[in-house]
Structure formats: C-alpha cells, structure tokens
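Contents: one structure, followed by commentary.
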Amino acid sequence: MPIAVTPPAAHAALKDTVLFSPLKLGKLNLKHRIVQAPNTRMRSEFESRGVYVPGPRMVKYYSDRSSDGGLQITEATDIALNASAYPGVPGVFTDSQLQGWKKVTDAVHAKGGFIFTQLWHTGRASCSAQRGGERAVSSGDQPMPGTYLDGTDTKDDPPRALTVDEIHSITTEWAAAAKRAVEVAGFDGIEIHGANGYLLEQFLHDNINNRTDEYGGSVENRCRFLLEVLTACCDAIGADKVGLRLSPYNYFQGTKDSDPNAHWSYLCGQIASLPDKHKPVYVHMIEPRFDEVLDEQQKLAALANDSSKDGTAAEVGKQANSLNIFRNILQPSGILFLACGNFNRDNAPTKIKSQEADLVAMGRHFIANPDLAERLQNGWPLNAYDRSTFYGADPPEKGYNDYPFYNPSQEVKSEA
Numbered sequence: 038m039p040i041a042v043t044p045p046a047a048h049a050a051l052k053d054t055v056l057f058s059p060l061k062l063g064k065l066n067l068k069h070r071i072v073q074a075p076n077t078r079m080r081s082e083f084e085s086r087g088v089y090v091p092g093p094r095m096v097k098y099y100s101d102r103s104s105d106g107g108l109q110i111t112e113a114t115d116i117a118l119n120a121s122a123y124p125g126v127p128g129v130f131t132d133s134q135l136q137g138w139k140k141v142t143d144a145v146h147a148k149g150g151f152i153f154t155q156l157w158h159t160g161r162a163s164c165s166a167q168r169g170g171e172r173a174v175s176s177g178d179q180p181m182p183g184t185y186l187d188g189t190d191t192k193d194d195p196p197r198a199l200t201v202d203e204i205h206s207i208t209t210e211w212a213a214a215a216k217r218a219v220e221v222a223g224f225d226g227i228e229i230h231g232a233n234g235y236l237l238e239q240f241l242h243d244n245i246n247n248r249t250d251e252y253g254g255s256v257e258n259r260c261r262f263l264l265e266v267l268t269a270c271c272d273a274i275g276a277d278k279v280g281l282r283l284s285p286y287n288y289f290q291g292t293k294d295s296d297p298n299a300h301w302s303y304l305c306g307q308i309a310s311l312p313d314k315h316k317p318v319y320v321h322m323i324e325p326r327f328d329e330v331l332d333e334q335q336k337l338a339a340l341a342n343d344s345s346k347d348g349t350a351a352e353v354g355k356q357a358n359s360l361n362i363f364r365n366i367l368q369p370s371g372i373l374f375l376a377c378g379n380f381n382r383d384n385a386p387t388k389i390k391s392q393e394a395d396l397v398a399m400g401r402h403f404i405a406n407p408d409l410a411e412r413l414q415n416g417w418p419l420n421a422y423d424r425s426t427f428y429g430a431d432p433p434e435k436g437y438n439d440y441p442f443y444n445p446s447q448e449v450k451s452e453a
C-alpha cells in the first residue's frame with residue numbers, strides 16, 4: 038500500500054475543461070477524453086505453456102479503472118499461442134481466456150465504460166523457450182540486441198524470417214483474434230499493436246527489415262503487412278471497432294528507422310486514403326519525448342537486461358520531432374487522433390484544446406489511481422506510482438490492486 042503523505046497544494050478541477058467534453062468514437066459516445074493506455078502488467082494466471090488467463094484480480098483491476106463513458110485499452114494481448122513473448126501476458130486464443138476476458142468486459146460495461154483490447158504478435162522479442170522450442174519469427178533474421186527474459190543472448194537464438202505464406206496466415210490469425218475478442222469476449226473494439234518494436238514494427242523499420250520480396254525494401258513494401266492486418270481486422274469486425282497504435286520515434290528493442298518522418302507520413306497517407314470500410318476509428322501515437330524513451334529503457338530493464346547502451350535515447354531527446362505531421366495527415370480523413378506520452382493534469386487539456394489530439398491516453402497515472410478520471414475532474418491529488426511493480430510483483434496484488442481510491446478524509450501520497 039502506498040505511503041500516505043499530505044499533498045503540497047490543491048489542484049484545479051478539470052470538470053469544465055475540454056478534457057471532459059463528449060466525443061463520438063465510432064458508435065461509442067464517450068463522456069470524456071481521458072483514455073487508459075495499454076500497459077503490460079503480467080498478472081494473468083498461468084494455465085499451460087504460453088497460455089495465461091485473465092483472473093479475478095484482472096477483473097477488479099479493469100473494473101476499478103472504468104468510468105461512465107470512459108475508454109480503456111487493455112494490456113497487449115496475444116493473438117495466438119506462438120505470438121507470445123512474456124509470462125503473465127493474456128491472450129484471446131483459448132476458451133478459458135475468452136471467458137476470463139468476458140468477466141472483465143462485463144464489469145466495465147456495468148459501470149458504463151467502454152473497453153478495447155490491444156492485440157499483438159511479439160515477433161523476434163520472443164525466445165524459443167517461450168515458444169516451446171520454436172525459433173522466433175520476424176521480418177528477417179536479425180536478432181534484437183541484448184538478452185531474452187531467460188538470460189539467453191539474442192545472438193544465440195536469432196529469429197527466422199517469415200515466409201510469405203506465414204505472413205498471410207498471421208494476418209488471418211489477427212483478424213480471427215479480433216473477431217473472438219469482440220464477439221465472444223465482449224470487447225467494444227480492438228487496437229492493433231503496430232509499435233514498440235514488436236512484429237509489425239519489425240517490418241516497418243528499415244534497420245530491421247532486410248527482406249527482398251514484396252514485404253521488404255521500399256517503404257511501400259515495408260508497410261504492406263501492417264496495412265493488410267488493418268484491412269483484415271476491419272473486414273472481420275467493422276472499421277468503427279478498430280484502432281491502431283504506432284510509434285514513429287520508437288527506439289525500443291533495436292528499432293531505429295533512417296527517416297521516421299517521411300516513412301510514417303507515407304504510412305499515414307496510405308491509412309487516410311483507405312476506403313471508409315478499412316479506415317481505423319483512431320490512430321494512437323506515442324509522443325517523441327526523451328522521458329518516454331527512458332520509460333522504454335526502464336521497461337527493458339524490468340523485463341530483462343537493458344540492451345540499449347548506444348546512446349540512442351539521448352539522441353532522441355535532442356530531436357524536435359512532433360506528431361503533428363502525422364495528425365495533419367490523418368484527421369482530415371475523419372480518423373481520430375489519440376496521443377500518449379507523459380500526459381498529466383496540466384498538459385492534457387491543452388493538447389485537446391489546441392486540437393493536436395482528440396483523446397489523450399495516460400498509463401502510469403492510471404496504474405496508481407483507479408479513480409483517475411474522477412480525481413482529475415474534481416482536482417483531487419494523485420497517488421504516486423511504483424515503477425518496481427509495473428511488470429509483475431510478489432505478491433501479484435502489490436502495485437496492482439492495492440492503490441487506494443481518493444478519500445477526502447484520509448491523507449494520500451503526493452503526485453510523482
């Protein structure tokens with residue numbers, strides 16, 4: 038349980054700001070613009086090798102953080118058994134997982150909230166031990182820098198390049214996972230994870246993708262896989278239920294594109310020009326901030342050994358990159374823009390008011406504050422988060438379901 042201390046000062050209530058103005062997201066009527074960001078928490082319950090099931094603690098976690106008319110995006114969720122990289126990460130490929138998630142979505146809906154699940158394939162981030170002895174797959178055969186969770190040097194267990202037929206199969210798996218998530222598990226939609234160095238981004242970045250076929254080489258070819266997954270998911274469940282996450286300036290897990298502004302502008306242009314039936318309801322992007330890159334390095338350190346030792350984080354911190362170039366391509370086509378990356382009570386309203394984003398996602402503050410929307414609405418102080426418990430803890434409840442709701446009669450820990 039976080040230690041209680043008196044907050045230094047009162048905060049302005051945000052209930053009358055644009056942060057608490059309504060927004061239509063597809064067929065959903067949101068009552069505020071604060072989105073729970075997808076955060077890997079590694080608290081699913083082990084069932085068998087590679088199969089982790091949402092249990093009662095996850096029902097409580099997401100239910101506690103739901104709000105009337107608010108949108109939540111779950112932690113990254115495996116589309117198939119061999120899409121997995123990490124223990125404790127849930128999936129949507131077994132009946133038990135779907136039944137577990139249905140309890141989560143029912144609890145969120147009972148409070149008037151909406152919930153999407155983020156669907157991923159981890160690609161080369163997965164070691165063979167996590168895959169039952171099978172090698173990881175990627176756009177090519179280049180390993181990530183560093184080590185896997187089990188301590189294996191990635192150079193000793195490199196990925197193999199997917200065949201074209203396998204790419205098509207994964208596209209089909211992604212769409213099938215989206216359909217199960219919505220029709221069986223009860224999610225309001227899905228978010229395709231095309232960011233943070235996982236499989237789809239392993240095709241996008243030109244420093245990783247060394248293919249010479251229709252899925253490699255030119256920017257057109259490198260974007261092909263992601264666009265095919267997007268199209269397939271929209272066909273499966275409807276474009277109004279599909280979101281997409283991208284991270285143009287990501288340097289996580291060995292990604293380092295030569296020209297992200299040009300290459301992701303091309304990708305956004307392709308997305309914006311899709312017919313309405315294949316156009317995602319929103320695109321979710323991560324701000325190009327120095328502290329966001331540090332967060333990714335800390336994530337690596339928490340999951341295994343931080344392998345980013347070449348100074349790329351400092352380099353990113355000096356760049357004057359902006360998501361506005363991508364927003365300006367996407368928004369005129371009717372696609373909502375969701376921004377994520379170190380938002381708080383001070384800068385989130387400004388982001389919406391300036392029309393630089395339609396929605397803002399918060400991760401760390403949602404981890405520590407189950408009633409975050411209500412706290413911001415009323416100007417209440419926030420609990421501080423504990424980084425050491427982000428990616429699993431012993432016991433699992435620690436740093437997960439033990440953060441208190443605000444109680445005016447009790448002192449609370451001050452904000453981070």
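According to the numbering used here, the sequence shown holds residues 38 to 453 in order.
The C-beta atom is built at its ideal place from N, Cα and C for all residues, glycine as well.
Keep in mind it's a predicted model, so treat the numbers as computed, not measured.
- Its Cα nearest to that of Arg197, the residue Ser175 stands out among Leu311, Gln109, Ser175.
- In this structure, Phe374 lies near Val320, with their beta-carbon atoms less than 8 Å apart.
- Taking C-beta separations shorter than 8 Å and ignoring five residues to either side along the sequence, the partners of His48 in its chain run Arg382, Gly416, Trp417, Pro418, following chain order.
- For the pair Pro325 and Asn358, the CB atoms are nearer than the 8 Å cut-off.
- For the 8 Å CB-CB criterion, Trp301 and Phe363 form a contact.
- Around the beta carbon of Thr111, a 10 Å sphere encloses 16 or more other beta carbons of the protein chains shown; the residue is thus reported as buried.
- Lys278 counts as buried, since at least 16 other C-beta atoms from the protein chains shown sit within 10 angstroms of its C-beta.
- Gly106 is positioned such that its CB atom lies closer than 8 Å to that of Asn66.
- When DSSP states are grouped into helix, strand and coil, Ser425 belongs to the helix group.
- Rounded to the nearest whole angstrom, the CA to CA distance from Thr387 to Leu56 is 9 Å.
- DSSP, reduced to helix, strand and coil, places Glu82 within a strand of the structure shown.
- Leu264 sits away from Gly160, with the two beta carbons spaced by 8 Å or more.
- Leu267 and Trp211 have their C-alpha atoms roughly 9 Å apart.
- Leu199 and Asn444 have their C-alpha atoms some 53 Å from each other.
- Segment contact: the region 95–104 against the region 149–163, three or more CB-CB distances shorter than 8 Å; contact assigned.
- Counting the other Cβ atoms within 10 Å of the Cβ of Gln290 gives 16 or more, which makes it buried.
- For Gln136, the enclosing alpha helix (DSSP H) has its first and last residue at 132–147.
- In the displayed model, Gln179 falls within coil according to three-state DSSP, outside both helix and strand.
- Relative to the Cα of Thr184, the nearest Cα in the group Phe130, Ala166, Gly128 belongs to Ala166.
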